[in-house]
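Q: Residue numbers (this note's numbering): 1 to 266. Every residue, glycine too, gets a C-beta built ideally from N, C-alpha and C.
1) Taking all protein chains shown into account, do 16 or more other C-beta atoms lie within 10 angstroms of the C-beta of residue 69, making it buried, or fewer, making it exposed?
2) Which residue marks the beginning of the alpha helix (DSSP H) containing residue 106, and which one marks its end?
3) Determine the contact status of residue 38 and residue 44, defining contact as a CB-CB distance below 7 Å.
4) Identify, in the order they occur along the chain, each residue of the same chain with its Cβ nearer than 6 Å to the Cβ of residue 109, setting aside the five sequence neighbours on each side.
5) Is the CB-CB distance between residue 189 and residue 158 below 7 Å?
6) Using a 10 Å radius around the Cβ and a threshold of 16 neighbouring Cβ atoms, would you call residue 88 buried or exposed?
7) Between the Cα of residue 353 and those of 101, 91, 100, spot the shortest distance and give me the residue it belongs to.
8) With H, G and I counted as helix, E and B as strand and the rest as coil, what does DSSP make of residue 63?
9) Restricting to Cα atoms, I'd like to know which of 259, 145, 250, 35 is closest to residue 23.
10) Using the three-state DSSP reduction, which class does residue 197 fall into: helix, strand or coil?
11) Pick out the complete beta strand (DSSP E) segments inside the segment 65-96, 3 residues or longer, and give them in chain order.
12) Check whether the Cβ of residue 266 lies closer than 6 Å to any heavy atom of the ligand ATP, and answer yes or no.
13) Using the C-alpha atoms, what's the distance from residue 78 back to residue 216?
14) Mind the definition here: the segment 99-113 touches the segment 139-150 only if three or more C-beta pairs lie below 8 Å; say whether that holds.
15) In this structure, what does DSSP give as the bridge partners for residue 224?
16) Could you tell me which residues DSSP pairs with residue 45 in its beta bridges?
17) Taking Cβ positions, are residue 221 and residue 81 nearer each other than 7 Å?
18) Considering residue 132, what are the terminal residues of the alpha helix (DSSP H) in which it resides?
19) Cβ of residue 30 within 7 Å of Cβ of residue 58?
20) Could you tell me which residues DSSP pairs with residue 207 in its beta bridges?
21) Just list the residues that DSSP pairs residue 183 with in beta bridges.
22) How long is the line joining the alpha carbons of residue 74 and residue 47, rounded to whole angstroms?
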């Protein structure tokens, strides 16, 4: 993962280019005992605007549901995770260059060592990004709009503010990563500014590469918090549910909001 500090400045044409990803999944809902097709699309620009939507099609009833958002992200610093991965790549390059008698290699080694000193990040220690990014910085704010067809009609569209913690690397090794992430979304019904709902999530994710010669493993555990839409003058009730997802290449099993599902990514 390259840090913006080491990337060339983008041209105006490059800044306007769109990037994105499309993912299609087969989902077996264990409780409901039916199959669904799920489509996820993310479109984003280097300027921080993001359009994301998810379509869920029930193959048993033919019913469908759509959720999505349009958000504009703002942050003020280079995230620690970018520095950690850049430092790890530079360390690997330095190890390959050490001991070489080639003059070009010696010059490159000097440049790599200088970049590592500027980063001042050791990817091999616990919490390589440090406490300051974990506690005080590495926050991302994203105002915008969300949509949920399950709310019905115009009620599906709401003003929103997402507050997200950039992934914090706890442990980094050549084949292992342990990360902590967090996110909260506050939504306001534009038809009634007193109607507010909020969700929040915390995730601890372990990634293990090459568990076997052809398999990678990802395990995510966490906690989801959610409020029901309430009048701001009323006491809030918060629902807490555990989260667990275990993934092996394209196959996953997930526990979220009390429901178990099996997913296959195509």
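A: In terms of the structure at hand:
1) buried
2) 103-119
3) no
4) 97
5) yes
6) buried
7) The question about residue 353 has no answer, for the chain in this structure spans 1 to 266.
8) coil
9) 250
10) strand
11) none
12) This structure does not include the ligand ATP; it has no bound ligands of any sort.
13) 29 Å
14) no
15) 201, 241
16) Residue 45 is not bridged to any residue.
17) no
18) 131-135
19) no
20) 177, 218
21) 164, 201
22) 9 Å
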